[in-house]
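**Q** Heads up: the sequence lines are chains H and L, in that order. In terms of this note's numbering, the first sequence opens at residue 1 and continues consecutively. In terms of this note's numbering, the second sequence opens at residue 1 and continues consecutively.
2 protein chains.
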Amino acid sequence: MKEITREGVSYMTIRRLPQYMPLLRAALDAGDHCVSSTKISDFFGLDPVLVRKDLASIGITGQARLGFPVRELIGGIERFLGWDNLSEAFVIGAGNLGRALAGYGGFGQHGLKIVALFDTDPEKVGKVIAGKRVTDMTKFASLVERLRVPIAILTVPPEAAQDAADAAIAAGIKAIWNFTPTKLTLPDAIIVEQVDLAASLAVLSSRLVSATRTPRQYEEQPVNDM
Amino acid sequence: MKEITREGVSYMTIRRLPQYMPLLRAALDAGDHCVSSTKISDFFGLDPVLVRKDLASIGITGQARLGFPVRELIGGIERFLGWDNLSEAFVIGAGNLGRALAGYGGFGQHGLKIVALFDTDPEKVGKVIAGKRVTDMTKFASLVERLRVPIAILTVPPEAAQDAADAAIAAGIKAIWNFTPTKLTLPDAIIVEQVDLAASLAVLSSRLVSATRTPRQYEEQPVNDM
DNA sequence: GTATTATCGATAAGTGAATATCGATACAGC
DNA sequence: GCTGTATCGATATTCACTTATCGATAATAC
């Protein structure tokens, strides 16, 4: 996994940071001033050194014997991930998945605000999901321009994905969160993050195959004599 | 990324294999007998050697100048991932996300068959989504036992996730595909695959932060998450 | 005050995956 | 048949991430 990332923060670190957050918030609620890397690493089954490295890489420094100041930690991670000021997003595709995402209340904590949904189906246009209106796709471009929305969340059927993505970037969208299985080919300047359910399912089912086809799974088998 | 994997096939390889499939199926439809690693790698922006290594690791061998026999390739990957015989799954949580997954027709191609949905909400029980009945959660255990369903797809609210997962494995579920942001603590023998939207979003927004705070631009990233 | 211990930060070592290199192979064109 | 070229497979190298080690620090116990 070779990733060019920002200011020397590795891809894997970026993926771990948000996972630390619930634990940190819980600690804050519990009134703790400091959290140790050991405490975090125990919870997630990681090495404490790894946690310290993650935190160090975004410029947070702890104190020996005490740990890391929770408040500063939360603030630092939020700032690094851009969760401190909300980015607005449009959902393209108001099917079940689009509606599920629009209805999920947790994204606000993650710096994402879904503003509206778009669809071509006149049946769906005009409905309101969790306070967000489903708008006709023909209005997409003008609204992106007017509201300067940087993110499109793509939840259209696979065969419509490339066209929708093209339309989105033509309208000025900077980043696409792609929930379709379609591999998009887009200009390099566009940020694309793929939610790859097929890959995730592959890991699951491949493990299941191992578990069922061989009674003993996992690494080592005593190779020698029986 | 250190992962326990089967027979020396790396985690990253397992995640790439399913992505190759659409291209292979397209090649098959086009009547090609062979596909070269170059063709695959070009499409996905990978190194051809990497593709060959992936294929070699699941025991598929090609021929110089020709490439890899498409039919054998597809068969091999499907067999490896367990897509050749469907695994059945129950969806726990018939909210928008659960319904979206139940309504998605593509999982059949990936060896997954969603049999039914479960929910505790009497409002939802009895409804039918894409031919699958929403059943009361109280019937879950007996149905898992009777139908020997190995997989649970978890789409309940975050705060209900741990309880639902506990109930699932008590009923005999072997693998959990967890779409909730809750980190589940379960026996080691249970296979858990986490769809980590928070991590995916973190990568997206962290890139967006870089792009907006510094005008410069970055490389691409073919690595997919979740 | 001194000893103990948990924890940090830095550096070094280890691990595993991606990439580069190269000889071998088999088809295509002449 | 000979040559050229695309492709494979194997080995070696590079690179990134994780783990191990160790001295320093600061709270706590005595």
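Glycine included, C-beta positions come from ideal geometry on N, C-alpha and C. In this text, all values refer to a predicted model and were calculated from it rather than measured experimentally.
From the DSSP output, in three-state form, read off Glu-123/H for me.
**A** Here the question's residue 123/H lines up with position 123 in the first sequence. Correct three-state label for Glu-123/H: coil.
**Q** Check whether the Cβ atoms of Leu-201/H and Ala-100/L lie closer than 8 Å to each other.
**A** Counted from its first residue, the first sequence places residue 201/H at position 201. Counted from its first residue, the second sequence places residue 100/L at position 100. Cβ atoms of Leu-201/H and Ala-100/L: not closer than 8 Å.
**Q** Using DSSP bridges, identify the partner residues of Asn-178/H.
**A** One-based indexing of the first sequence puts residue 178/H at position 178. According to DSSP, which records beta bridges pairwise, Asn-178/H is partnered with Leu-154/H, Gln-194/H.
**Q** Is Glu-88/L helix, strand or coil when you go by DSSP?
**A** Taking the second sequence and counting its residues from 1, the one referred to as residue 88/L is at position 88. Strand at Glu-88/L.
**Q** Could you please tell me which residues of the stretch 82-96 of chain H, in chain order, have their CB closer than 8 Å to any CB of chain L?
**A** Result list: Gly-82, Trp-83, Ser-87, Gly-95, Asn-96.
**Q** Can you list, in chain order, the residues of its chain whose CB lies under 7 Å from that of Val-9/H, leaving out five sequence neighbours each side?
**A** Numbered from its first residue, the first sequence carries residue 9/H at position 9. Result list for Val-9/H: Ser-57, Ile-58, in chain order.
**Q** Residues of chain L with CB closer than 9 Å to the CB of Lys-174/H, please, in chain order.
**A** The count along the first sequence starts at 1 and reaches residue 174/H at position 174. Those are Leu-208, Ala-211, Thr-212, listed as they occur along chain L.
**Q** On the CB-based measure, 16 or more other CB atoms within 10 Å of its CB, does Asn-85/L come out buried or exposed?
**A** As a first step, residue 85/L is located in the second sequence; it is residue number 85 there, counting from the start. So Asn-85/L ends up on the exposed side.
**Q** Hey, how far is the Cα of Met-137/H from the Cα of Cys-34/H?
**A** Looking up residue 137/H in the first sequence gives position 137. Looking up residue 34/H in the first sequence gives position 34. Met-137/H and Cys-34/H: Cα-Cα distance of roughly 49 Å.
**Q** Just to confirm before moving on: does the CB-CB distance between Asp-42/L and Leu-17/L stay below 8 Å?
**A** Counting from one through the second sequence, the residue named residue 42/L turns up at place 42. Counting from one through the second sequence, the residue named residue 17/L turns up at place 17. No; because the gap between Cβ atoms is not below 8 Å, this pair is not in contact.
**Q** Who are Ile-74/H's beta bridge partners in DSSP?
**A** Looking up residue 74/H in the first sequence gives position 74. Note: Ile-74/H sits in no beta bridge, so no partner.
**Q** Using alpha carbons as the reference points, say which of Arg-71/L, Thr-13/L, Met-12/L lies closest to Asp-32/L.
**A** For the purposes of this step, residue 32/L is identified with residue 32 of the second sequence, where counting begins at 1. Here the closest residue by C-alpha is Arg-71/L.
**Q** Round the Cβ separation of Ile-77/H and Met-12/H to the nearest angstrom and send it over; I've been treating them as touching at under 8 Å.
**A** Here residue 77/H refers to the residue found at position 77 when the first sequence is read from its first residue. Here residue 12/H refers to the residue found at position 12 when the first sequence is read from its first residue. No, Ile-77/H and Met-12/H are not in contact; Cβ-Cβ is about 15 Å, not under 8 Å.
**Q** Is it right to say Leu-204/L is buried, meaning 16 or more other beta carbons lie within 10 angstroms of its own, or is it exposed?
**A** By one-based count along the second sequence, residue 204/L stands at place 204. Burial call: buried.
**Q** Just tell me which of Ala-167/H, Phe-44/H, Ala-165/H, Leu-28/H has its CA closest to the CA of Gly-75/H.
**A** Within the first sequence, numbered from 1, the residue matching residue 75/H stands at position 75. With distances taken between Cα atoms, Gly-75/H lies closest to Leu-28/H.
**Q** Return no unless some Cβ of chain L is closer than 8 Å to the Cβ of Ile-60/H.
**A** Taking the first sequence and counting its residues from 1, one reaches residue 60/H at position 60. Cβ-Cβ to chain L under 8 Å: no for Ile-60/H.
**Q** Verify the CB distance criterion: does Tyr-11/L have a CB-CB separation below 8 Å to chain H?
**A** For this step, residue 11/L is matched to residue 11 along the second sequence. By this cut-off, Tyr-11/L is an interface position.
**Q** Can you pull the chain H residues whose beta carbon is under 8 Å from the beta carbon of Gln-19/L, in chain order?
**A** Position 19 of the second sequence, counted from the start, is the residue given in the question as residue 19/L. Result: Lys-183, Asp-196, Ala-198, Ala-199.
**Q** When DSSP builds the beta bridges, which residues end up paired with Gln-63/H?
**A** Start at 1 with the first residue of the first sequence, and residue 63/H comes out as number 63. Per DSSP, Gly-67/H.
**Q** In its own chain, which residues sit with a C-beta less than 8 Å from the C-beta of Glu-219/L, not counting the 5 before and 5 after it?
**A** For the purposes of this step, residue 219/L is taken as the residue at position 219 of the second sequence. The predicted model places Glu-219/L with a pLDDT of 43, which falls under 50 and marks its position as unreliable, so this point remains unresolved.
**Q** For Asp-47/L, collect the residues of the same chain with a Cβ closer than 7 Å to its Cβ; drop the 5 residues on either side in sequence, then sort them by chain order.
**A** Within the second sequence, numbered from 1, the residue matching residue 47/L stands at position 47. Taken in chain order, the residues that qualify are Ser-41.
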